[in-house]
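Notes follow the structure.
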Amino acid sequence: MSGRTENQIEMLPRAFRPLALLWLARMLVNLGKGRRTLSSDRVDIEELLEPLSLKGICKSEKKDLPEIRRSLKACLENLERVKPTLPRRNILSGNLQRLGDLMGLNAIERDILTFLLLGRQLPALERLLEAIGDISGAYFHCIIAAAINHPVSSVQRALIPSSRLLSSGLVRLDLSSKFDFSYKVDLMTGLHEQLCVSHKNDPYGMFAGCFVPAPKPRLSMNDFPHLKDDLDILRPFLREALRLHRKGINILLHGRPGGGKTQFVRMLAADLGCELFEVSTETLDQEAIHGDQRFRSYNVSQIILHQAKSTMVLFDEVEDVFHQVSDNDHPGYNNRSGIKGWVNRSLEENPVPTFWVTNQLWVVDPAFLRRFDYILELDMPPRTVRTRILNDYLGDLAVDPAWATAMADHQAVLPALVERSATVMRLAREGDPGLNVSKAMPRILGNTLEAIGTSREAPNSKVSTTPYRPEILNTDCDLIALIPGLRKQGSGRICLYGPPGTGKTAFGYYLAKELDKPILVRKASDILSKWLGESETNIARMFAEARREKSVLLIDEADSFLQERKDAHRSWEVTLVNEMLTQIENYTGIFIASTNLMDSMDSASIRRFDLKVRFDFLNPDQAMLIFEDLVKSLGLSVDSESLDIIRALPNLTPGDFAAMALQTRFLPVASSIELIKRLQSECQLKPESKRRFIGFSG
């Protein structure tokens with residue numbers, strides 16, 4: 071054998087070369103287009119014959135085709151007598167055998183897969199297939215049948231869409247048009263490389279490019295108390311489905327990134343004693359895998375893992391598979407490579423229970439949604455869970471307890487964000503043991519929170535500057551008498567209205583504290599979105615979270631959501647009010663809406679409230695009492711003249727005194743008279759002020 075001949079087949083393992091040469095000889099002799107191939111100008115006959123050691127028969131410039139054919143037949147007869155087969159005690163052969171056993175392939179399917187995996191590694195064989203030119207689907211089967219020496223009808227049956235090779239995704243064919251052989255067949259990416267590696271201690275190692283064992287969960291059942299009702303259904307459902315080996319078991323999880331969806335699946339699998347495998351998102355070379363290639367990997371996992379006991383599959387980031395067709399898509403997008411048909415069949419026939427995870431439910435075609443057995447949203451965990459997550463991840467870090475408590479109120483503090491920030495903090499502390507954790511940790515997490523478009527501080531965090539005294543607020547309802555009734559009933563819809571600073575929002579905090587309930591506070595900026603329909607979704611999520619937490623739900627600036635619909639200029643404004651009214655009507659907890667603009671609120675919304683409470687400016691006696699409290703807290707003395715001035719000062723609110731308390735922290739006052747002057751200036755800025763200057767001209 072010449073040096074050039076050796077180079078032509080050296081790409082194949084030596085033990086496989088006799089089998090590859092047999093395929094080449096069979097095709098040259100048996101293919102119906104063989105005569106045309108040998109006389110074709112598209113191929114060098116010497117190159118075709120060289121691996122078979124027949125180069126010498128091409129002695130003249132004119133091809134002696136009869137002589138060539140006789141030599142080829144003699145060569146084929148010799149190779150057939152030797153009967154080359156897959157070598158034993160070879161890594162590639164062993165993996166091919168194991169692959170065939172795991173997938174339940176018959177003899178013909180095994181031979182086809184071997185030919186497709188190894189055949190094109192012989193350059194002469196590639197030249198032959200190229201010389202044949204464009205082929206039809208029928209002739210494609212003839213080529214394979216000629217090489218592996220099986221009837222064409224058997225090869226056709228082995229390559230129908232429902233066959234093991236095609237339905238698994240290991241092999242994909244395009245028989246609809248005429249192309250060269252190489253363009254009509256596609257093998258799963260990375261399959262050959264994995265088959266050439268030993269996997270003695272890992273029975274599924276050869277499929278690492280398709281699916282991998284899931285890591286152990288970092289969260290436990292105790293971290294999902296808000297999903298107890300769902301878990302009470304899912305656990306027995308999955309347990310029984312696994313016992314009965316039921317097909318078509320599919321769970322869809324959706325929710326914003328970082329909400330713990332993947333951890334939830336890992337936790338549930340561990341709780342059920344199942345081995346969980348995750349469909350790979352990247353190749354072994356760490357290149358991203360997308361679209362139909364991942365779905366092909368999923369199909370392989372179903373075929374391979376169904377023989378194992380108590381296994382489940384996790385398909386994360388399904389957005390690029392469950393794509394909903396839009397006007398901007400190329401026609402037939404969802405049908406490319408049979409993706410839509412694959413999805414439909416899989417959701418009905420998959421033997422291994424599967425969790426499908428997405429961050430964006432809207433991308434999933436509605437035709438797929440109805441095929442899931444259970445659909446569960448994992449949005450923002452409730453405060454109790456956020457508290458536990460913060461304690462778990464930050465337990466070994468000396469963070470400020472007050473900061474951690476405030477962060478538990480921040481609904482954007484999701485498990486993934488806390489875990490990543492804690493990891494950064496630990497590494498930074500290793501590099502600098504003297505690093506101030508109490509300062510660094512809020513900065514790390516806060517930077518991320520700002521980057522994702524939210525505040526670095528918890529929306530509910532408030533600094534109390536003056537004691538809250540509901541008994542001295544100027545309201546048309548006895549607030550003290552209201553609390554026992556709300557405690558007993560556990561529900562109530564209350565509208566608090568009146569000028570700014572009169573204590574409406576503060577009363578919500580006070581009430582939640584008195585009822586020993588968490589409080590969930592939302593403003594317009596927390597809910598309103600520029601995306602159509604997103605604001606309504608945020609409203610629904612807000613009420614759902616309040617139900618889970620059993621919170622006092624307080625909506626500040628409620629007029630932003632409950633404007634008079636007859637004055638609306640856009641359809642979405644009406645839809646927003648309708649959604650809010652529906653949620654209020656169905657909410658059974660304690661709901662508080664505060665507004666400074668009662669006159670602009672929708673009349674139907676006002677009827678929804680069980681109680682409307684007006685908060686007005688302080689009366690003279692109330693203003694005097696709060697002033698005395700503030701003066702004493704500042705260590706100043708107060709005289710009767712000052713009290714008389716305060717009693718006569720119009721339009722004072724508790725918010726004015728809270729503002730003064732904050733102001734004096736960086737701009738101290740020397741006397742109660744100076745404090746009064748500042749309160750006068752504050753009042754003059756109010757539109758309600760009659761601009762009366764009491765006692766001093768300024």
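The opening residue of the sequence shown carries number 71 in the numbering used here; numbering runs sequentially from there.
Built from N, CA and C at the ideal position, the CB exists for glycine as well.
Quick check on residue i: does DSSP put it in helix, strand or coil?
i    : result
F47  : As shown, the chain starts at 71 and ends at 768. That puts residue 47 outside it, with no answer to give.
R539 : coil
I359 : coil
G402 : Per-residue confidence for G402 stands at a pLDDT of 36, beneath the threshold of 50, marking its modelled position as unreliable; no derived number is given.
K682 : strand
Y444 : strand
R288 : coil
E179 : helix
T545 : strand
E352 : strand
H220 : coil
C753 : helix
E489 : helix
Y657 : coil
R526 : coil
A638 : Reliability fails at A638, whose pLDDT of 49 lies under 50, so the model's placement of it is uncertain and the value that follows must be treated cautiously. In this structure, A638 counts as coil in the three-state DSSP scheme.
G516 : helix
P421 : coil
S130 : Residue confidence is low: S130 scores 48 on pLDDT, short of 50, so the model does not pin down where it sits. Its coordinate-derived value is still stated next. Coil.
S123 : coil
V434 : coil
L702 : In the sequence as displayed, the identity of residue 702 is Lys instead of Leu. Of the three classes helix, strand and coil, the one that applies to K702 here is helix, per DSSP.
F185 : helix
F55  : In the structure displayed, the chain extends from 71 to 768; residue 55 sits before or after that span and is not available.
Thinking C-alpha only, which one of the options is nearest residue i?
i    : options                   : result
F631 : V622, K331 and Q653       : Q653
I550 : G562, I564, E584 and Q559 : E584
L156 : Q167, N148 and E150       : Q167
A177 : I743, R513, P221 and I138 : P221
N666 : T575, G568 and I597       : G568
D466 : A486, M450, A437 and M511 : M511
L598 : V647, N148 and A378       : V647
E649 : V683, E604, M668 and K747 : E604
D672 : T645, V391 and L431       : T645
P285 : L323, V255 and A340       : A340
L94  : F185, I743 and G516       : F185
L431 : F425, L439 and T424       : L439
R158 : F86, A194 and L713        : F86
W426 : G189, L308, F392 and I564 : F392
N292 : S525, A521 and I459       : I459
L624 : A215, G516 and R592       : R592
F347 : P327, R326, V370 and L515 : V370
L240 : A228, S247, L135 and L98  : A228
S491 : V469, E655 and W601       : V469
Per DSSP, residue i is paired with what?
i    : result
A663 : C565 and I625
L346 : M382
P283 : F347
I205 : F249
L243 : V255
If you follow the alpha helix (DSSP H) that residue i is part of, which residue opens it and which one closes it?
i    : result
E604 : E604 to E619
L322 : Per DSSP, L322 belongs to no alpha helix (DSSP H); it is in the beta strand (DSSP E), N320 to H324.
V455 : R453 to L464
I589 : Segment I589 to R592 is the beta strand (DSSP E) holding I589; no alpha helix (DSSP H) there.
W93  : R87 to N100
D341 : K331 to D341
P136 : L135 to V152
S233 : Element bounds for S233: n/a, residue is neither H nor E.
P157 : That residue, P157, is in no alpha helix (DSSP H); it is neither H nor E in DSSP.
A478 : Run containing A478: none; DSSP gives neither H nor E here.
Would you grab the beta carbon distance between residue i and residue j for me? Rounded to a whole angstrom, and I think it's under 8 Å.
i    : j    : result
F685 : L566 : 6 Å
D300 : T351 : That pair is no contact at about 26 Å.
I662 : G578 : 5 Å
F613 : Y580 : The Cβ separation is near 22 Å, so there is no contact.
R717 : P738 : Actually they are not in contact, since the Cβ atoms of R717 and P738 sit about 25 Å apart, beyond 8 Å.
P231 : S237 : 7 Å
L770 : F334 : Not covered by the structure: residue 770. The range shown for the chain is 71 to 768.
V35  : K587 : This structure cannot speak to residue 35, because the chain is shown only from 71 to 768.
If you follow the beta strand (DSSP E) that residue i is part of, which residue opens it and which one closes it?
i    : result
T428 : T424 to T428
T381 : T381 to F385
R505 : Checking the sequence, you will find Leu at residue 505 rather than Arg. L505 -> no beta strand (DSSP E), and no H or E assigned at all.
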